[in-house]
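J.:
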Amino acid sequence: GEIRRELFNLKFRKATGQLDNTARIRNLKRDLARVLTSRKQRGAQAPAGGK
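Take the sequence shown: its position 21, counting from 1, is numbered 25 in my numbering, and each next residue is one higher.
1) Quick one: Cα of ILE7 to Cα of LEU36, how far?
2) Could you round the C-beta distance between ILE29 and LYS44 to whole angstroms and report it? I think they count as a contact, below 8 Å.
3) For LEU14, count neighbouring C-beta atoms within 10 Å of its own C-beta (all shown protein chains included) and say buried if the count is 16 or more, exposed if not.
4) For the alpha helix (DSSP H) that contains THR41, what are its first and last residues?
5) Using 9 Å as the threshold, is the C-beta distance between GLU10 and LEU40 below it?
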């Protein structure tokens, strides 16, 4: 949630012309992708069959 919130705020600031460091958006997108990828990989490692 925190990364997405910051990403939203940066995109908003970019649209209004208040953002100086646009590379921060790219870095946050990559961080979000890393988090989602690792979460998905951990979910795939769980044993199937939930007993």
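Where a beta carbon is used, it is the ideal one built from N, C-alpha and C, also for glycine.
Just so we're clear, the structure is a prediction, and the values are computed from it rather than from any experiment.
T.: Taking the geometry as given:
1) 7 Å
2) Actually they are not in contact, since the Cβ atoms of ILE29 and LYS44 sit about 23 Å apart, beyond 8 Å.
3) buried
4) 27-49
5) Contact: no.
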